[in-house]
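Quick notes on the structure that follows.
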Amino acid sequence: MATITQFSDYEVDSYTTMIAAEDPVDIYFPVLPDPVEDSLEFPIALMLQGAFLDKAEYSNYASTVASYGFVVVVPNNERTIVAPTGDSLSGLLAEQQQVNETLTQMLLEDTDSSSPVFEIIDTDKMGLLGHSFGGAAGLSAIQEDICLLEFCSEDEDYVRPPELMAGIFYAASFRDTFTEEALPVNNDDIPTGLIVGELDGVVPSILSEESYDLILNPPKALITVEGANHYSITNEDNPLREPSRSTLDQAIATETIARWSALFLRAHLFEDEAAFEYVYSTGDSLDQNVTVISQLPDVNPGSISVIDFEMADDLVLTAGTIITDQFEGLEVSTPDNPYGAMIFDSAEPTGGDNDLLAPELGNVLIISEDGDSNDPDDNARGGTLRFEWDELVNVASVGFLDIEESGSSIQLFDENNHLIEAVDIPSLADNSIQEIILGVSEIARMDVTFVGSGALTDIALTTDVVVSTV
Numbered sequence: 001m002a003t004i005t006q007f008s009d010y011e012v013d014s015y016t017t018m019i020a021a022e023d024p025v026d027i028y029f030p031v032l033p034d035p036v037e038d039s040l041e042f043p044i045a046l047m048l049q050g051a052f053l054d055k056a057e058y059s060n061y062a063s064t065v066a067s068y069g070f071v072v073v074v075p076n077n078e079r080t081i082v083a084p085t086g087d088s089l090s091g092l093l094a095e096q097q098q099v100n101e102t103l104t105q106m107l108l109e110d111t112d113s114s115s116p117v118f119e120i121i122d123t124d125k126m127g128l129l130g131h132s133f134g135g136a137a138g139l140s141a142i143q144e145d146i147c148l149l150e151f152c153s154e155d156e157d158y159v160r161p162p163e164l165m166a167g168i169f170y171a172a173s174f175r176d177t178f179t180e181e182a183l184p185v186n187n188d189d190i191p192t193g194l195i196v197g198e199l200d201g202v203v204p205s206i207l208s209e210e211s212y213d214l215i216l217n218p219p220k221a222l223i224t225v226e227g228a229n230h231y232s233i234t235n236e237d238n239p240l241r242e243p244s245r246s247t248l249d250q251a252i253a254t255e256t257i258a259r260w261s262a263l264f265l266r267a268h269l270f271e272d273e274a275a276f277e278y279v280y281s282t283g284d285s286l287d288q289n290v291t292v293i294s295q296l297p298d299v300n301p302g303s304i305s306v307i308d309f310e311m312a313d314d315l316v317l318t319a320g321t322i323i324t325d326q327f328e329g330l331e332v333s334t335p336d337n338p339y340g341a342m343i344f345d346s347a348e349p350t351g352g353d354n355d356l357l358a359p360e361l362g363n364v365l366i367i368s369e370d371g372d373s374n375d376p377d378d379n380a381r382g383g384t385l386r387f388e389w390d391e392l393v394n395v396a397s398v399g400f401l402d403i404e405e406s407g408s409s410i411q412l413f414d415e416n417n418h419l420i421e422a423v424d425i426p427s428l429a430d431n432s433i434q435e436i437i438l439g440v441s442e443i444a445r446m447d448v449t450f451v452g453s454g455a456l457t458d459i460a461l462t463t464d465v466v467v468s469t470v
């Protein structure tokens, strides 16, 4: 079966069918030019919408998510609940059990030769999406040990299916029905993301931020869309229910929320390295409309070591030092540059390299332009930093400063000099800082190639492979 390894921009089609207790559902799916030849399968993304909002309100959002390689399911779920006031509320209200109902329906759709999504669904993988009430229902569905009254299904107990692998929700918070106290989200290592609108007047961003802090297990991410309000995810704003007006164009806001939703799911359902880097490292620098806070799983205590170029064993490193064999068991060289790898103090740039100013980093490693230790200066034409270890290592991550030009890369080799992993380094801007998560084991050599100016800030090694928990 072919796999999807890059961001995709598929054309999208949709159709309407019925699910569970005769609830209508809209299904958005990528269109394959030749389904038989392409032989691709796409995970399910279930969208749990806000209270009393019809599925059609999310057509723009759902179409955009589907274009990244998902079969997006948006059902209308009619039911009655009892509000904290004791009043009954009837209408479109999401609940936990929709997760299992959707899986059952999509298994049928995938095996029905008359279905538009016949044999293109990866029924072993599901991601959750949600808005407001539906987002809270999604946070509830990720957990098995708690069921808030308004999200529980009356007829049967909810059992979280193993196919549920990640969830990301807009304008959502997880709180006690009666006290409004924020509750812990015991996500059992299921990657969980929250997207918030800066100007949300219905679920203020501080409430989602409290819930983010209470998500117990990373990976997790909090993505704030500047200028967005509660209804920036729907096709149109809702002035009757939202007192705050968005300052971000509705189409731009919806695309932004959908893109970050899709890439979060791609990072964890597809094991998509580029999507993972975008969400957890580079995306907030590339997208002027968002800010991101995230947390990845900690490495086992004592299992990680970081080469940060401040010290080599017991030797204090100073600006201008040529690095060769100061680190035990490691040889550093520049195979295409005679002047070598040199320590550069990013807190006090020299050589006119103000684009390498980063006081919080201190020492970084550059390819020297001229070998002058009295005036360290990186080579504007780039080159290769080569790291060769005496014993095999597991490379968890590598940090970079000031990667401005596209084409820079990391190449990882085994003990037989076979290339086993190649990763592009995103081009950002002057003084930009980024960390590339690798999680690649049994490495004997690493080549870092710059096409222009730039510096390496650190190398994290671990006795256990650090991965993105996808």
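Residues 1 to 470 (UniProt numbering) are what the sequence shown spells out, left to right. Glycine residues also receive a C-beta, built at the ideal position from the N, C-alpha and C atoms.
Flag this pair as yes or no: are the beta carbons of Asp313 and Glu328 separated by less than 8 Å?
Judged by beta-carbon spacing, Glu328 lies within the 8 Å limit of Asp313, meaning their Cβ atoms are closer than that value.
Report the three-state DSSP secondary structure of Ala136 (helix, strand or coil).
DSSP places Ala136 in helix when its eight states are reduced to three.
Own chain partners of Asp200 with C-beta closer than 6 Å, once the 5 adjacent residues on each side are dropped
So the list reads Ala171, Asn229 and His230, once near-sequence residues are dropped.
Please name the residue, chosen from Asp287, Ile304, Asp122 and Val279, that lies closest to Gln295 on a Cα-to-Cα basis.
Of the candidates Asp287, Ile304, Asp122 and Val279, the residue whose Cα lies closest to the Cα of Gln295 is Val279.
Taking 8 Å as the cut-off, decide whether the C-beta atoms of Ile19 and Pro75 are in contact.
In this structure, Pro75 lies closer than 8 Å to Ile19 by Cβ.
Member of Ile304, Ala62 and Ser114 whose CA lies at the smallest distance from the CA of Val72
With distances taken between Cα atoms, Val72 lies closest to Ala62.
6 Å Cβ shell around Tyr28 - same chain, five flanking residues per side excluded
Cβ within range, chain order: Val12, Ser14, Ala62, Ser63, Ala66 and Val72.
Do residue 513 and Ser409 have their C-beta atoms closer together than 8 Å?
Residue 513 falls outside the range modelled here, since the chain spans only 1 to 470, and no answer is possible.
Should Ile403 be labelled buried (16 or more other beta-carbon atoms within 10 Å of its own) or exposed?
By the neighbour-count criterion, in which 16 or more other beta carbons inside 10 Å mark a residue as buried, Ile403 falls on the buried side.
When the distance is taken between beta carbons, is Val440 closer than 8 Å to Thr384?
Result no, Cβ atoms of Thr384 and Val440 do not sit closer than 8 Å.
With a 10 Å radius around its C-beta and 16 neighbouring C-beta atoms as the bar for buried, classify Leu286 as buried or exposed.
By the 10 Å Cβ count, Leu286 comes out exposed.
On the criterion of 16 or more Cβ atoms from any shown chain inside 10 Å, does Pro191 qualify as buried, or is it exposed?
With 16 or more other CB atoms across the displayed protein chains lying within 10 angstroms of its CB, Pro191 is buried.
Looking only at its chain, what residues have a beta carbon closer than 7 Å to the beta carbon of Glu150, apart from the 5 residues adjacent to it on each side?
Ile81 and Thr177, listed in sequence order.
Pop quiz: Asp355 and Glu369 are said to be a contact at Cβ under 8 Å. What is the actual Cβ separation, rounded to whole angstroms?
Contact flag wrong, Cβ pair sits at about 14 Å.
List the whole-angstrom C-beta distance separating Gly127 from Leu269, where the pair is believed to meet the contact cut-off of C-beta under 8 Å.
6 Å between Cβ atoms; contact.
Please report how far the alpha carbon of Gly167 lies from the alpha carbon of Ser333, in whole angstroms.
Roughly 44 Å separates the two Cα atoms.
Checking contacts by CB at 8 Å: is Ala137 closer than that to chain B?
Judged by its chain identifiers, the structure shown contains no chain B, having just a single protein chain.
Distance check for Leu263 and Arg245, CA to CA, integer angstroms please.
In a straight line, the C-alpha of Arg245 is about 27 Å away from that of Leu263.
Beta-bridge pairing of His131 - partner residues as DSSP gives them:
Here His131 is bridged, per DSSP, to Tyr170.
Quick check on the burial criterion: 16 or more other C-beta atoms within 10 angstroms. Buried or exposed for Thr457?
Taking all protein chains shown into account, Thr457 has 16 or more neighbouring C-beta atoms within 10 Å of its C-beta and is therefore buried.
Taking DSSP as the reference, what is the three-state secondary structure of Arg241?
When secondary structure is reduced to three states using DSSP, Arg241 falls in the coil class, being assigned neither helix nor strand.
Which of helix, strand or coil does DSSP assign to Ser441?
Correct three-state label for Ser441: strand.
For a test of the three-state rule: what should DSSP assign to Ile459, helix, strand or coil?
In this structure, Ile459 counts as strand in the three-state DSSP scheme.
Relative to the C-alpha of Ile223, which residue among Asp390, Val99 and Thr256 is closest?
Relative to Ile223, the option among Asp390, Val99 and Thr256 whose CA is nearest is Thr256.
Our contact map puts Val393 next to Ile443 with C-beta atoms below 8 Å; I'd like the distance itself, whole angstroms only.
The beta-carbon distance between Val393 and Ile443, rounded to whole angstroms, is 5 Å. This is short enough to meet the 8 Å contact definition.
When you compare only the Cα positions, how much space is there between Arg175 and Gly371?
Approximately 60 Å, taken between the alpha carbons.
Residues of its chain near Asp54, where Cβ-Cβ distance is below 6 Å and the 5 sequence neighbours each way are ignored:
Sequence-distant Cβ neighbours of Asp54 in its own chain, meaning closer than 6 Å and more than five residues away, do not exist here.
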